[in-house]
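Worksheet: one structure, shown below.
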Ligand SMILES: [Zn+2]
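In the numbering used here, the protein residues as written are 2 to 92.
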């Protein structure tokens, strides 16, 4: 077991591997591709409940029940979305 700090929520936890991934709480709470977007730039897409078309973004910052999407294609501004409203996320 290694003492670790979660890169997403900054909670201290005991890790049973040598990886650098998020804590079990974050793994349960957030979609895997959103966790990836929070740690590595790429091309991601997600769909929000009630929105007809998906959003493209290049990275995300997760803070509690919200995530800030960066580099959305619609505009170059950051976009805050409620994690509970994410229908699907890929990337
Ligand atoms: Zn965490």
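Just so you know, even glycine gets a beta-carbon here, dropped at the ideal spot from N, CA and C.
Contacts around residue 28, its chain only, beta-carbon distance under 6 Å, and the 5 residues preceding and following it disregarded: none
How about the region 76-89 and the region 46-65: do they share at least three Cβ pairs that are nearer than 8 Å? yes
Beta-ladder partner(s) of residue 68, from DSSP: 63, 82
What residues are listed by DSSP as bridge partners for residue 37? Looking at the DSSP assignment, residue 37 forms no beta bridge with any residue, so it has no partner.
Compare the Cα-Cα distances from residue 82 to each of 43, 35, 8, 42 and report the closest residue. 35
Is residue 23 near ligand 1 - that is, is its Cβ less than 8 Å away from at least one heavy atom of it? yes
Cβ neighbour criterion (16 or more within 10 Å) applied to residue 44: exposed
Alpha carbon to alpha carbon, how far is residue 17 from residue 59? Give it in angstroms, no decimals. 30 Å
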